[in-house]
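Engineer: Numbering that gives the first Met the number 0 puts the sequence shown at residues 0 to 446.
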Amino acid sequence: MAKLLVRLGMAVFGLLVIIPASQAMSIQKVVGPPGVEAWLVEDYTVPMIAMDFVFAGGAAQDPADKPGVANMLSSLLDEGAGAMKSAAFQKALDDRSISMSFDAGRDGFYGDLKTLSENRDEAFGLLAAALQAPRFDTEPVERIRAQIAASIKNDASDPQAAATLAVCAKAFPNHPYGRPLDGTSDSLAAISRDDLEAYRSHVFARDNLKVAIVGAISPKDATAMLARVFGPLPDRAQLTPVADIVPQAGIIAIDQPNPQTLIRFGGPGIKRNDPDFMAAYVVNHILGGGTMSSRLYTEVREKRGLAYTISTSLVTLAHADAFAGGTATRADRAPETIALIKDQIARFAAEGPTEAELAKAKSYMIGSYALRFDSSSKIARQILGIMVDNLGIDYVEKRNSLIEAISIDDARRAARRLFSEGTTMVATVGPAKTKTATAETSVPPQL
Numbered sequence: 000m001a002k003l004l005v006r007l008g009m010a011v012f013g014l015l016v017i018i019p020a021s022q023a024m025s026i027q028k029v030v031g032p033p034g035v036e037a038w039l040v041e042d043y044t045v046p047m048i049a050m051d052f053v054f055a056g057g058a059a060q061d062p063a064d065k066p067g068v069a070n071m072l073s074s075l076l077d078e079g080a081g082a083m084k085s086a087a088f089q090k091a092l093d094d095r096s097i098s099m100s101f102d103a104g105r106d107g108f109y110g111d112l113k114t115l116s117e118n119r120d121e122a123f124g125l126l127a128a129a130l131q132a133p134r135f136d137t138e139p140v141e142r143i144r145a146q147i148a149a150s151i152k153n154d155a156s157d158p159q160a161a162a163t164l165a166v167c168a169k170a171f172p173n174h175p176y177g178r179p180l181d182g183t184s185d186s187l188a189a190i191s192r193d194d195l196e197a198y199r200s201h202v203f204a205r206d207n208l209k210v211a212i213v214g215a216i217s218p219k220d221a222t223a224m225l226a227r228v229f230g231p232l233p234d235r236a237q238l239t240p241v242a243d244i245v246p247q248a249g250i251i252a253i254d255q256p257n258p259q260t261l262i263r264f265g266g267p268g269i270k271r272n273d274p275d276f277m278a279a280y281v282v283n284h285i286l287g288g289g290t291m292s293s294r295l296y297t298e299v300r301e302k303r304g305l306a307y308t309i310s311t312s313l314v315t316l317a318h319a320d321a322f323a324g325g326t327a328t329r330a331d332r333a334p335e336t337i338a339l340i341k342d343q344i345a346r347f348a349a350e351g352p353t354e355a356e357l358a359k360a361k362s363y364m365i366g367s368y369a370l371r372f373d374s375s376s377k378i379a380r381q382i383l384g385i386m387v388d389n390l391g392i393d394y395v396e397k398r399n400s401l402i403e404a405i406s407i408d409d410a411r412r413a414a415r416r417l418f419s420e421g422t423t424m425v426a427t428v429g430p431a432k433t434k435t436a437t438a439e440t441s442v443p444p445q446l
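(1) Take Arg144 and list the residues in its own chain whose beta-carbon comes closer than 8 Å to its own, dropping the five residues that flank it on each side.
(2) Counting C-beta neighbours from all protein chains within 10 Å, is the total for Ile378 16 or more, i.e. buried, or is it exposed?
(3) When burial is assigned at 16 or more other CB atoms within 10 Å of the CB, is Val314 buried or exposed?
(4) For Gly124, which of helix, strand or coil comes out of DSSP?
(5) Got a sec? Which residues, its chain only, sit under 8 Å from Tyr533 by beta carbon, not counting five neighbours each side?
(6) Within 10 Å of its beta-carbon, does Thr328 have 16 or more other beta-carbons around it, so buried, or fewer, so exposed?
(7) Note the first and the last residue of the continuous alpha helix (DSSP H) segment covering Phe92.
(8) Could you check what DSSP says for Tyr43 in three-state terms: helix, strand or coil?
(9) Taking 7 Å as the limit between beta carbons, can you name the residues of its chain near Ala414, skipping five residues before and five after?
(10) Is Ser362 helix, strand or coil by DSSP?
(11) For Ser98, name the three-state secondary structure that DSSP assigns.
(12) Excluding the 5 residues flanking Leu447 on each side, which residues of the same chain have their C-beta closer than 6 Å to its C-beta?
(13) Between the segment 233 to 240 and the segment 198 to 207, can you find at least three pairs of beta-carbon atoms closer than 8 Å?
(14) Let me make sure I understand the geometry here. Which of Val241, Asp254 and Ala129 has the alpha-carbon closest to that of Arg227?
(15) Nearest CA to the CA of Val213: which residue from Ser376, Tyr394, Arg398 and Gly324?
(16) Relative to the C-alpha of Val35, which residue among Asp93, Leu417 and Pro233 is closest?
(17) For Met277, name the three-state secondary structure that DSSP assigns.
(18) Give the straight-line distance between the Cα atoms of Pro334 and Asp342, rounded to the nearest whole angstrom.
(19) Can you tell me which of the three DSSP states Gln146 falls into?
(20) Could you tell me which residues DSSP pairs with Pro267 in its beta bridges?
(21) Using only CA atoms, which one of Lys209, Leu125 and Thr44 lies nearest to Gln381?
(22) Applying the criterion that 16 or more other CB atoms from any shown protein chain within 10 Å of the CB defines a buried residue, is Asn207 buried or exposed?
(23) Could you please give me the residues that DSSP links to Met424 through a beta bridge?
(24) So, helix, strand or coil for Glu78, using DSSP?
(25) May I ask you to verify whether the segment 104 to 123 touches the segment 39 to 54, counting CB pairs closer than 8 Å and requiring at least 3?
(26) My understanding is that Ile392 touches Trp38, with C-beta atoms under 8 Å, so please give their C-beta distance in whole angstroms.
(27) Give me the Cβ distance between Gly449 and Ile251, rounded to the nearest whole Å; I'm assuming they're in contact under 8 Å.
(28) Could you check what DSSP says for Arg6 in three-state terms: helix, strand or coil?
(29) In its own chain, which residues sit with a C-beta less than 7 Å from the C-beta of Pro32, not counting the 5 before and 5 after it?
(30) Considering Cα atoms alone, identify which of Ala127, Ser100, Glu117 and Asp77 is closest to Val140.
(31) In angstroms with no decimal places, state the Cα-to-Cα distance between Ala248 and Leu370.
(32) Let me check understanding here. Comparing Cα to Cα, which of Glu41, Ala426 and Asp193 lies closest to Gly324?
(33) In angstroms with no decimal places, state the Cα-to-Cα distance between Leu390 and Thr260.
Here it is in structure tokens:
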């Protein structure tokens, strides 16, 4: 579901180029109150500050019988806090062109803040209030509930949303990852103010927090900000343990009268801290991650014209790992497309990439890395991701050398490990008459 009521602030935030590609980016640690450490890229080229942060937990910490709590909370934190009701809080953001938003992922509850440096005291104060004393007044709670309910209803007829919900439920049965992020109509209706406050008090803490800051702020001022915004939070989170799980196999056919059939496929993946992960990342790029340069694109789109595009990616969660891919094709050619995808993945697992494919992929992935750091927002997101994955503060400096060091033997070993089980999960969303004969599960449109 698209994030509800994300405050965009000034359009200039999307163009905050502060680190020229020719300059080295210096990341320094800033220590705040006990348990809080931030990584800071200090730069005064533009008088602005971008901050991204995450509390470990995410939607996986929703009550088992009430999925959707974290998502609902993420849409309510800027709907009034402290003494300020919703309209006053949002006017304060608007008047100072402060951008503040929140989002609940599977494993983390994310927030970001962007502000002119001259408005930083007001921005930090508003963020502190949102995290420490959200109001959860009746009017915004019911308004947000109604918006999410409409989104849940729309998702039932949206092919991509329907496929995602069905695949997660099938791949992760009886597990938090199998629950819908937005919740269900019934669970959403049952979420109370006490549920929202319980989640906030259990998850928002200093020991499960990571913060990335970019822009016109000194380490001293960043330390003071950390104390103001995060210092009053509990020192330790009260998280419910989440079990590790291997994605389960399955074939899903969802009957929708669409002109095309949407196809989703995947299988078990590889952990982010596995020594072969970087090689797996490169070979996924060769198979399907490189879009127009990938094997699947060449075979499915260029040679046969079966689809407009096709792609694959690696999914790394805190308690599960997978590779996932997707495409859409003419309804009567869905079985042919699925068979081709399976054949290509099996062949790639057996043979791996060629020397030329590996060299081309490495060159592209090394050369394009700098594009991830051409704005303050991108830099903050990248740094936070590095922190979450525990890659080390020097990762930006060493990342390209790790890719360059991948040999053809490394790549072929990673291809075998990653794709040898093939496409254990296949989901189609389209007309019933195009279902494959192997379909074992038929899911109605109303999920």
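A virtual CB, placed ideally from N, CA and C, is assigned to each residue, including glycine.
Structural biologist: Let's see:
(1) Taking the first residue of the sequence shown as position 1, residue 144 is located at position 145. Counting only Cβ-Cβ distances below 8 Å, and skipping sequence neighbours, we find Met71, Leu187, Ala188 and Ile190.
(2) In the sequence shown, the residue the question calls residue 378 occupies position 379. Ile378 sits buried, since 16 or more C-beta atoms from the chains shown fall within 10 Å of its C-beta.
(3) Taking the sequence shown and counting its residues from 1, the one referred to as residue 314 is at position 315. Classification of Val314: exposed, given that the 10 Å Cβ count is below 16.
(4) As a first step, residue 124 is located in the sequence shown; it is residue number 125 there, counting from the start. Here Gly124 carries a helix assignment [DSSP, helix/strand/coil].
(5) Any answer about residue 533 is impossible in this case: the structure gives the chain only from 0 up to 446.
(6) In the sequence shown, counting from the first residue as 1, residue 328 sits at position 329. That one is buried.
(7) Taking the first residue of the sequence shown as position 1, residue 92 is located at position 93. Correcting the residue identity first, residue 92 is Leu in this sequence and not Phe. The continuous alpha helix (DSSP H) containing Leu92 extends over residues Ser85 to Asp94.
(8) Here residue 43 is taken as the residue at index 44 of the sequence shown, counted from 1. Reduced to three states, the DSSP call for Tyr43 is coil.
(9) Position 415 of the sequence shown, counted from the start, is the residue given in the question as residue 414. Within the same chain, Ala414 has close Cβ partners Val282, Phe347, Ala348, Gly351 and Pro352.
(10) To locate residue 362, count along the sequence shown from 1; it is residue 363. Ser362: helix per DSSP, three-state reduction.
(11) Locating residue 98 in the sequence shown gives position 99, where the first residue counts as 1. The three-state reading of DSSP puts Ser98 in strand, counting E and B together.
(12) With the chain covering 0 to 446 only, the question about residue 447 has no answer from this structure.
(13) Yes, the segment 198 to 207 touches the segment 233 to 240.
(14) Reading the sequence shown from its first residue, position 228 is the one you call residue 227. It is Ala129 whose Cα lies nearest to the Cα of Arg227.
(15) Within the sequence shown, numbered from 1, the residue matching residue 213 stands at position 214. Minimum Cα distance to Val213 is reached at Ser376.
(16) Taking the sequence shown and counting its residues from 1, the one referred to as residue 35 is at position 36. Here the closest residue by C-alpha is Pro233.
(17) Counted from its first residue, the sequence shown places residue 277 at position 278. For Met277, the three-state secondary structure derived from DSSP is helix.
(18) As a working note, residue 334 is residue 335 in the sequence shown. As a working note, residue 342 is residue 343 in the sequence shown. As the crow flies, the alpha-carbon of Pro334 is around 12 Å from that of Asp342.
(19) On the sequence shown, position 147 is the one that residue 146 refers to. Secondary structure at Gln146: helix, using DSSP grouped into helix, strand and coil.
(20) As a working mapping, residue 267 is identified with position 268 in the sequence shown. BP columns for Pro267 point to Ala321.
(21) Position 382 of the sequence shown holds residue 381. That would be Lys209, whose Cα lies nearest to the Cα of Gln381.
(22) In the sequence shown, residue 207 corresponds to position 208, counting from 1. Answer is buried; the Cβ neighbour count reaches 16.
(23) Locating residue 424 in the sequence shown gives position 425, counting from the first residue. Note: Met424 sits in a beta bridge opposite Gly249 and Gly265.
(24) In the sequence shown, the residue the question calls residue 78 occupies position 79. It is coil, neither helix nor strand.
(25) Contact between the segment 104 to 123 and the segment 39 to 54 is present, with at least three C-beta pairs closer than 8 Å.
(26) As a first step, residue 392 is located in the sequence shown; it is residue number 393 there, counting from the start. As a first step, residue 38 is located in the sequence shown; it is residue number 39 there, counting from the start. Taking C-beta atoms under 8 Å as the contact rule, Ile392 and Trp38 qualify, at a distance of about 6 Å.
(27) In the structure displayed, the chain extends from 0 to 446; residue 449 sits before or after that span and is not available.
(28) Sequence index remark: in the sequence shown, residue 6 carries index 7 (1-based). Note that Arg6 has pLDDT 26, beneath the 50 cutoff, so the model's placement of it is unreliable and no number is given.
(29) To locate residue 32, count along the sequence shown from 1; it is residue 33. Result list for Pro32: Arg205, Leu225, Ala226, Phe229 and Gly230, in chain order.
(30) Looking up residue 140 in the sequence shown gives position 141. Of Ala127, Ser100, Glu117 and Asp77, the smallest CA-CA separation from Val140 is found for Asp77.
(31) The count along the sequence shown starts at 1 and reaches residue 248 at position 249. The count along the sequence shown starts at 1 and reaches residue 370 at position 371. Going from the Cα of Ala248 to the Cα of Leu370 covers about 36 Å.
(32) Here the question's residue 324 lines up with position 325 in the sequence shown. Measuring from the Cα of Gly324, the nearest candidate turns out to be Ala426.
(33) Taking the first residue of the sequence shown as position 1, residue 390 is located at position 391. Taking the first residue of the sequence shown as position 1, residue 260 is located at position 261. Using only the alpha carbons, I get a separation of about 39 Å.
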